Every structure is written in structure tokens, then in C-alpha cells.
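Protein sequence lines correspond, in order, to chains B and L. For the first sequence, position 18 matches number 207 in our numbering, and the numbering has no gaps at all. For the second sequence, position 104 matches number 1019 in our numbering, and the numbering has no gaps at all. Backbone N, C-alpha and C fix where the C-beta goes; we use that ideal spot for every residue, glycine too. Here the structure is a predicted model, which is why all the values come from computation and not from measurement.
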Amino acid sequence: AQTVTQSQPEMSVQEAETVTLSCTYDTSESDYYLFWYKQPPSRQMILVIRQEAYKQQNATENRFSVNFQKAAKSFSLKISDSQLGDAAMYFCAYKGNQFYFGTGTSLTVIP
Amino acid sequence: DTEVTQTPKHLVMGMTNKKSLKCEQHMGHRAMYWYKQKAKKPPELMFVYSYEKLSINESVPSRFSPECPNSSLLNLHLHALQPEDSALYLCASSPLPPTAFNEKLFFGSGTQLSVL
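Okay, here's the thing in C-alpha cells:
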């Protein structure tokens, strides 16, 4: 089975600074997608960004970007110009035949 | 309408009660999911419906009974639950079948369930 590992249970960042959340995964599948979901205190899981494995170009959505290293099976999320509303639990997820979620990183934004 | 709506938002029930959770989407999605999530843990898949047919049951105890009456509605019937079943129950939908590797999940806000 595929595994998704987030090695940082908690992270903090000063408002307006940049933070990077780490994610690694293990798979033998050749086609798959990777996602970052955000879960704020409202509890709804919100899609932040997704990356297609066969695309070498890193995905970007406004202040959110990823560093996708396919050979290393690494998929980190960079949040630039952090805002108070970015405080949330962030889950890395893998989708091949099934969805697999990482254990999550709790991000605190310090005013 | 781009929302997945779950009701109720909170539910407290005794171990002998019967209750139901409801999930609705009007995005034309044909795959719908139930996840269970404990605090500070990732969601755990329970059931998947694809085109209104149960396609995945992750060995969930029979005290949880899913139902998909139509393509927009998903229910989770609860009976004789245990305190350890207390959790956030999330519903999700997807425009693509569960087997599509580029499938994207749209989540509701969940039902916070407490079993006393």
C-alpha cells in the first residue's frame, strides 16, 4: 500500500513570512496525483493545490506553490506572505487507485 | 451550487439510539464518500458510492449503514454506536469515479458526533 509521510506535526510562521511544509510518499504506481488539503477550525477540508505526477512543472496557486521531486518522492508546500487565515491543519494526499492522506501538519501563524 | 452540505453539524446520541447523518450535493458528482476523522488525525475512508452503488466498504462495523437514495444524496444510518465512534464524520463527492487517478474530492464541513 502507498504511504504518505508528513514529518512535521506542528509548524509556526510569522505573519508575512514564508513557510514550507514537507511531505514524502511511497508508491510503485506510475500515474498519480498529489494534493495539499487545508482543514481550518471550521473543519471543512479545502483543496489548496494539486500536482499531476507526469508534469515536471511545479504547481502554483497564488501564494501557494509546491516543490515536486518525483525521483525523491517528495512533495512540499510553500506558503508565501503567510496570513492569519492560513492557520490550519494541512494534509498531504496521494491519489493513485485510492486516496491516501498523510498525518497532517498543524500550522500556526503568529501575528 | 459548489457545496457539499452535511446535516446536522453536531449530534449527541446514546448507545441505544438510532440516528442518521445526511449529505447532499448538487454538482452532478457521481461518486460520494463517507470518512471518519478523529481529532488531529487524517480522515479514514469508510464507504464509497459510485453511480449510486456501493463500491468500497472499508470493513466498517455493521452499526454504520450507508445509503445512497439518489445521485445527490448520501445518508449514514447509525445504530448501537460505541463511545469510541465519537468523531467528525466527513462527506465528500467527486465528479470522477473513484478509480480515476485525477479524481478531486470536495468535502462538506462534517458532523461532529458524540456517543455517550
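Is residue i helix, strand or coil by DSSP?
{"i": "leucine 1011 of chain L", "result": "coil"}
{"i": "glutamate 918 of chain L", "result": "coil"}
{"i": "leucine 1020 of chain L", "result": "coil"}
{"i": "glutamate 999 of chain L", "result": "helix"}
Can you tell me where the beta strand (DSSP E) with residue i in it begins and where it stops?
{"i": "leucine 1031 of chain L", "result": "That residue, leucine 1031 of chain L, is in no beta strand (DSSP E); it is neither H nor E in DSSP."}
{"i": "valine 963 of chain L", "result": "959-965"}
{"i": "leucine 223 of chain B", "result": "222-228"}
{"i": "serine 254 of chain B", "result": "253-258"}
{"i": "phenylalanine 264 of chain B", "result": "263-268"}
{"i": "arginine 239 of chain B", "result": "235-241"}
{"i": "serine 980 of chain L", "result": "979-985"}
{"i": "glutamate 199 of chain B", "result": "199-203"}
{"i": "cysteine 938 of chain L", "result": "933-940"}
{"i": "glutamine 246 of chain B", "result": "Here glutamine 246 of chain B belongs to no beta strand (DSSP E), and DSSP marks it neither H nor E."}
{"i": "aspartate 215 of chain B", "result": "213-215"}
{"i": "methionine 930 of chain L", "result": "Premise fails: methionine 930 of chain L is in no beta strand (DSSP E) and is neither H nor E."}
Anyone know if the C-beta pair for residue i and residue j falls short of 7 Å?
{"i": "tyrosine 226 of chain B", "j": "methionine 234 of chain B", "result": "yes"}
{"i": "valine 963 of chain L", "j": "leucine 996 of chain L", "result": "no"}
{"i": "leucine 989 of chain L", "j": "methionine 928 of chain L", "result": "no"}
{"i": "lysine 951 of chain L", "j": "glutamate 959 of chain L", "result": "yes"}
{"i": "threonine 922 of chain L", "j": "lysine 937 of chain L", "result": "yes"}
{"i": "serine 295 of chain B", "j": "threonine 207 of chain B", "result": "no"}
{"i": "isoleucine 299 of chain B", "j": "glutamine 197 of chain B", "result": "no"}
{"i": "phenylalanine 253 of chain B", "j": "phenylalanine 264 of chain B", "result": "no"}
Whose CA, out of the options, lies closest to the CA of residue i?
{"i": "glutamine 195 of chain B", "options": "B:Val208, B:Tyr214, B:Thr249", "result": "B:Tyr214"}
{"i": "proline 1010 of chain L", "options": "L:Met961, L:Ser987, L:Ile971", "result": "L:Ser987"}
{"i": "glutamine 240 of chain B", "options": "B:Gly291, B:Asp275, B:Tyr283, B:Ala261", "result": "B:Tyr283"}
{"i": "threonine 192 of chain B", "options": "B:Val298, B:Leu273, B:Asp270, B:Glu218", "result": "B:Glu218"}
{"i": "phenylalanine 1022 of chain L", "options": "B:Ser263, B:Arg232, B:Thr294", "result": "B:Arg232"}
{"i": "methionine 994 of chain L", "options": "L:Val919, L:Leu926, L:Asn932, L:Trp949", "result": "Per the sequence shown, the amino acid found at residue 994 of chain L is histidine instead of methionine. Closest option to histidine 994 of chain L, Cα to Cα, is L:Asn932."}
{"i": "valine 919 of chain L", "options": "L:Leu926, L:Gln940, L:His925", "result": "L:Gln940"}
{"i": "alanine 261 of chain B", "options": "B:Ser201, B:Met200, B:Thr216", "result": "B:Thr216"}
{"i": "glutamate 999 of chain L", "options": "L:Glu1018, L:Cys1006, L:Pro976, L:Lys1019", "result": "L:Pro976"}
{"i": "glutamine 272 of chain B", "options": "B:Tyr289, B:Thr297, B:Met200, B:Ile238", "result": "B:Thr297"}
{"i": "phenylalanine 224 of chain B", "options": "L:Thr1026, L:Lys1019, L:Gln1027, L:Leu1028", "result": "L:Lys1019"}
{"i": "alanine 954 of chain L", "options": "L:Leu1003, L:Thr1026, L:Pro1012, L:Lys924", "result": "L:Leu1003"}
Am I right that residue i and residue j are in contact with their C-beta atoms under 8 Å? What's the rounded C-beta distance?
{"i": "tyrosine 1001 of chain L", "j": "histidine 944 of chain L", "result": "Looking at the sequence itself, residue 1001 of chain L is serine, so the reference to tyrosine does not match. Not a contact, Cβ separation roughly 28 Å."}
{"i": "glycine 293 of chain B", "j": "cysteine 212 of chain B", "result": "Not quite, the Cβ-Cβ distance comes to about 10 Å (not below 8 Å), so this is no contact."}
{"i": "asparagine 286 of chain B", "j": "threonine 1014 of chain L", "result": "7 Å"}
{"i": "phenylalanine 1016 of chain L", "j": "tyrosine 221 of chain B", "result": "6 Å"}
Should residue i be counted as a contact of the ligand MG given a C-beta to heavy atom distance under 6 Å?
{"i": "lysine 284 of chain B", "result": "This structure simply doesn't include the ligand MG, nor any ligand for that matter."}
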